[in-house]
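*Asks:* Numbering (our numbering), first residue to last: 1139 to 1500. Note that CB positions come from ideal geometry on N, CA and C, so glycine has one too. These numbers were taken from a predicted model, which means no experiment stands behind them.
(1) Would residue 1368 and residue 1291 be called neighbours here (beta carbons separated by less than 9 Å)?
(2) Do the segment 1378–1385 and the segment 1304–1320 touch if we need at least three Cβ pairs shorter than 8 Å?
(3) Using the rule of at least 16 other Cβ atoms within 10 Å of the residue's Cβ for burial, across every protein chain shown, is residue 1478 buried or exposed?
(4) So does the segment 1288–1302 actually touch the segment 1324–1337, counting three or more Cβ pairs closer than 8 Å?
(5) Hey, is the segment 1275–1288 in contact with the segment 1201–1210, meaning 3+ C-beta pairs nearer than 8 Å?
(6) Report all residues from its chain with a CB closer than 7 Å to the CB of residue 1363; omit the five preceding and five following residues, and keep chain order.
(7) Please list, in chain order, all residues of the same chain as residue 1181 whose beta carbon is under 6 Å from its beta carbon, the five residues on each side excluded.
(8) Between 1393, 1280 and 1240, which has its C-alpha nearest residue 1377's C-alpha?
(9) Ordered along the chain, which non-local residues of its own chain (more than five positions away) have a Cβ less than 7 Å from that of residue 1371?
(10) In terms of alpha-carbon separation, which member of 1310, 1208, 1174 and 1211 lies closest to residue 1345?
(11) Would you kindly work out how many angstroms separate the C-alpha atoms of residue 1157 and residue 1193, rounded to a whole number?
(12) Using DSSP bridges, identify the partner residues of residue 1320.
(13) CB-CB under 6 Å to residue 1330, same chain, minus the five flanking residues each way: which ones, in chain order?
(14) Taking DSSP as the reference, what is the three-state secondary structure of residue 1502?
(15) In angstroms, rounded to a whole number, what distance separates the CA positions of residue 1195 and residue 1391?
(16) So, are the CB atoms of residue 1217 and residue 1159 less than 9 Å apart?
(17) Below 8 Å on the Cβ atoms is my guess for residue 1252 versus residue 1209; work out the distance and round it to an integer in Å.
(18) Beta carbon of residue 1239, beta carbon of residue 1162: below 9 Å?
(19) So what does DSSP say about residue 1365, is it helix, strand or coil?
(20) Do you know how far the Cα of residue 1325 is from the Cα of residue 1247?
(21) Thinking C-beta only, is residue 1257 closer than 9 Å to residue 1397?
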């Protein structure tokens, strides 16, 4: 193979045969991958088609007025204001990096006016506890795939693309006594989250006899789902469950994060952040060792286990911490006790054994 042929095969494009607009587009799209690359390529394709229709070069000679006219045409085509802003993401980035690279002297899209988007916060509210329970129950009555998807979204708070990409081999590992799910989150960030027993049962029912491949499939065709299928399946579950609100996959993620664990809803998983779940080791209870109380009359009485704050026992190796006022009284007993009087001081025992434990406000 000749040197010319090998160099030609190594390059993903040929700059010598491209125009300045095409070269700038390839250079801009090279920054992205996956679904973002596909989306921005489609948005730039629409801009290139509009410029060709109006006899304009897609890069050279473009002024701010041309960008404003393109934005107006997007709105007249029936797109919502939010969709117009989304369609302009790639176009604005295209001109910005062309200006950074020195291809054009100025950025014509930097001051182009975009329509304002007013978001109604009530549309993004999640389900309450009873609605989420009904959603999970109804999903299992449709198909095992609807049930698995509902639990991944409503319990583990996965995004639509994350739930669609879950594979059977992603949740076979055991970490600290927990079955965990490995996934790649937003921005190609790897994450690991534990699976509680109810979720694991539903996932195993969806898996069946399969050992590899995508977990959630289309019930009729058996093909892997995508994020659009996730949206449609969520809509079907909400309609079957007669939930009188607009429910999206993000609504379930919101509900999974905000719904507390109760005896009627024991599925909530401890969450360290909205993006990642941290598996906790199996809990072990240790009885605190008894401390010696044979001290002076100003020492504290023995603290019974019942007086300890619930859920945060004090380690046995750490002595009780005194509050600021108690420490000052103990150091200068004559200043507060008076003649012939004695005061028994009770230390404040807090939930923390650090330097701030038991501190009172001055």
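*Replies:* In terms of the structure at hand:
(1) yes
(2) no
(3) Residue confidence is low: residue 1478 scores 45 on pLDDT, short of 50, so the model does not pin down where it sits. No coordinate-derived value is stated.
(4) Segments in contact, yes.
(5) no
(6) 1302, 1354, 1355 and 1356
(7) 1225 and 1228
(8) 1280
(9) Cβ neighbours of residue 1371 beyond the five flanking positions: 1284 and 1287.
(10) 1310
(11) 15 Å
(12) 1330
(13) These residues qualify, in order along the chain: 1318 and 1320.
(14) The chain is shown only over 1139 to 1500; residue 1502 falls outside these bounds and no answer can be derived.
(15) 44 Å
(16) no
(17) 7 Å
(18) yes
(19) helix
(20) 26 Å
(21) no
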